[in-house]
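Input: a single structure, listed below in structure tokens.
In UniProt numbering, the protein residues as written are 1 to 115.
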């Protein structure tokens, strides 16, 4: 359960401490670090900083070359779960993004935008 949510984006958290209190506004008193511009999680190998620990962990895999997410269909590995989700559409043939003008469908929103 994630009962604490950011007033800016609605992102939910398990701990209230993951949200930052803003004393200057009563309308949006709690915001996640993404909206505060804070990046307290620093990569020990390069100069990059991140607003949350999970982003740092995913970034760290660039340095370690770790790709823990494996496609069960073809065996290809990915750094994060969104990468494998994006990839699996190759196997399913799913094309959920449709051009409103011509009806052509695409696997990814970026391909629709390019079209």
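All residues carry an ideal CB built from backbone N, CA and C; glycine is no exception.
Residue i vs residue j beta-carbon contact at 7 Å
i          : j           : result
residue 78 : residue 91  : no
residue 71 : residue 59  : no
residue 97 : residue 109 : yes
residue 50 : residue 67  : no
Residue(s) in a DSSP beta bridge with residue i
i          : result
residue 70 : 77
residue 98 : 105
residue 55 : DSSP lists no partner for residue 55.
residue 49 : 42
residue 5  : 12
Cβ distance (whole Å) where residue i is taken to contact residue j below 8 Å
i          : j           : result
residue 95 : residue 105 : 4 Å
Closest by C-alpha distance to residue i, when choosing among the options
i          : options       : result
residue 74 : 66, 89 and 64 : 89
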